[in-house]
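Trainee: Under numbering that gives the first Met the number 0, the first residue of the sequence shown carries the number 0, and numbering increases by one thereafter. Here a beta-carbon is modelled for each residue, glycine too, at the ideal position from N, C-alpha and C.
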Amino acid sequence: MRNGLWKAAGIGALLVGWLVWGHAQQEATYRGSKACALCHRVSHPEIVAAHSKSAHAHALAEASAETVVADFANAPFPRERVKYVLGSGRQHQAYMDANWRVLPGKWSVKEKKWLPQEEVDGRSQCVPCHVTGLDVKTLEWKEMNVGCEACHGPGSLHLLNTKTGILVLRSLAEKDPHRAAMVCGQCHSRGHDPSGKFPFPAGFKPGEDLGKFFVDAQPKEAGMNQQFSELIQSPKHWKNGVVCMTCHEAHGNTDQPTMLRKPINELCLDCHKATVKDIPSHAQEKGVKAPAGATCATCHMPEGRHLFDKSIVPKE
């Protein structure tokens, strides 16, 4: 009887061990932001609310009166052709037809006019950075828009056990800020995957080395969505640990423009206060006449660039 019990206990232990090992070997899958919100709208309501209003959460949408911001009075194509919208409409907005073909024109919100836009296959060239959980082979995705798992990684194991299923980005931000910033770099870069087929790091997941999935073009001229490409070229900031999240609140839980953690001068002076007292006196020391309302970015981040390589005196 006792031997039988010991055998049963041994088999039970092996079974539990096998299940635990199998669970550990299981690869995490995508579950969607709604699954994340089930818990985090209670534990982190401000983050869930902020993200729902952010540009990330509105990166891709079906065309409707609420999502389309352009004036089609003098548009390069009729409104009827628009089936999908690329971008939240805070700066620019591009459009795709029913076949996911990008239409020849994008709307500039600031200038209130149409700008040239190359006609490309949106499904392979644009959409991948506007969705979450992309399957490169099928070009299908798990969630429209940039959801929680686009940055934190697939969350199925975390949903099963929040202690053992630690999400990638949280641990990386503490241990390796540069690797954590690659999560932003997967889309805020210019370049292509090693095959040259896609303008994004095909197959990349948060926590991996972006360099293995992406050949960065290292652009020198100003352009859209290349902030990471510029930052890694900066002569001092990147090397000294200044990364995207140093200045930006990724969930949008801030009242500052471009999701800054606080006013831009305060951010810069957190590190530069030993050499810069304030903007007017600093400009005077350098022999520059700072325009009214000038910030550190006026001279050091012209056109929104993140190279930080030199200052440029703004034109009056």
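#1: Can you list, in chain order, the residues of its chain whose CB lies under 6 Å from that of Pro153, leaving out five sequence neighbours each side?
#2: Cβ atoms of Gln185 and Leu306: under 8 Å apart, would you say?
#3: For Met143, collect the residues of the same chain with a Cβ closer than 7 Å to its Cβ; drop the 5 residues on either side in sequence, then sort them by chain order.
#4: So what does DSSP say about Phe197, is it helix, strand or coil?
#5: In terms of residues, what are the limits of the beta strand (DSSP E) holding Ala60?
#6: Beta-carbon separation of His151 and Val135 under 8 Å?
#7: Arg189 by DSSP, collapsed to three states: which one?
#8: Using C-beta distances below 7 Å, list every residue in its chain close to Pro205, excluding the 5 sequence neighbours before and after it, in chain order.
#9: Drop a sphere of 10 angstroms on the beta-carbon of Gln226, count the other beta-carbons inside from all chains shown, and report buried for 16 or more, exposed for fewer.
#10: Out of curiosity, what's the CA-to-CA distance linking Gln24 and Pro200?
#11: Determine the DSSP secondary structure at Asp308, reduced to helix, strand or coil.
#12: By Cβ distance below 7 Å, which residues in the same chain neighbour Cys39 in space, the five residues on each side in sequence not counted?
#13: Rounding to the nearest angstrom, what Cα-Cα distance links Glu79 and Asn98 in this structure?
#14: DSSP on Ala293, reduced to helix/strand/coil?
#15: Does the Cβ of Gln92 have 16 or more other Cβ atoms within 10 Å, making it buried, or fewer, making it exposed?
#16: So what does DSSP say about Ser123, is it helix, strand or coil?
#17: Let me check understanding here. Comparing Cα to Cα, which of His55, Leu230, Phe212, Asp277 lies closest to Glu248?
#18: Which residue's Cα is closest to the Cα of Leu259: Val101, Pro234, Cys246?
#19: Taking the DSSP output, what are the residues bridged to Lys112?
#20: Go through its chain and collect everything with a Cβ distance to Gly104's Cβ below 6 Å, but skip five positions before and after it.
#21: Which of the three DSSP states, helix, strand or coil, is assigned to Gln92?
#22: How far does the alpha helix (DSSP H) with Val41 in it reach, from first residue to last?
#23: DSSP on Asp215, reduced to helix/strand/coil?
#24: Measure the CB-CB distance between Gly240 and Pro176 and report whether it falls below 8 Å.
#25: Name the DSSP beta bridge partners of Asp134, please?
#26: Candidates Asp277, Thr257, Asp254: which alpha carbon is nearest Glu265's?
Mentor: Taking the geometry as given:
#1: Ala27, Thr28, Tyr29
#2: no
#3: Leu59, Val130
#4: coil
#5: 59-61
#6: no
#7: coil
#8: Cys150, His151, Gly152, Val167, Leu168, Val182
#9: buried
#10: For Gln24, the pLDDT reaches just 44, beneath the cut-off of 50, and the residue's location in the model is therefore unreliable, leaving the point undetermined.
#11: coil
#12: At residue 39 the sequence reads His, which differs from the Cys that was named. For His39, where only same-chain residues beyond five positions count, the Cβ hits under 7 Å are Ile46, Val47.
#13: 13 Å
#14: coil
#15: buried
#16: helix
#17: His55
#18: Cys246
#19: Ser107
#20: Pro75, Trp113, Gln116
#21: strand
#22: 32-42
#23: strand
#24: yes
#25: Glu139
#26: Asp277
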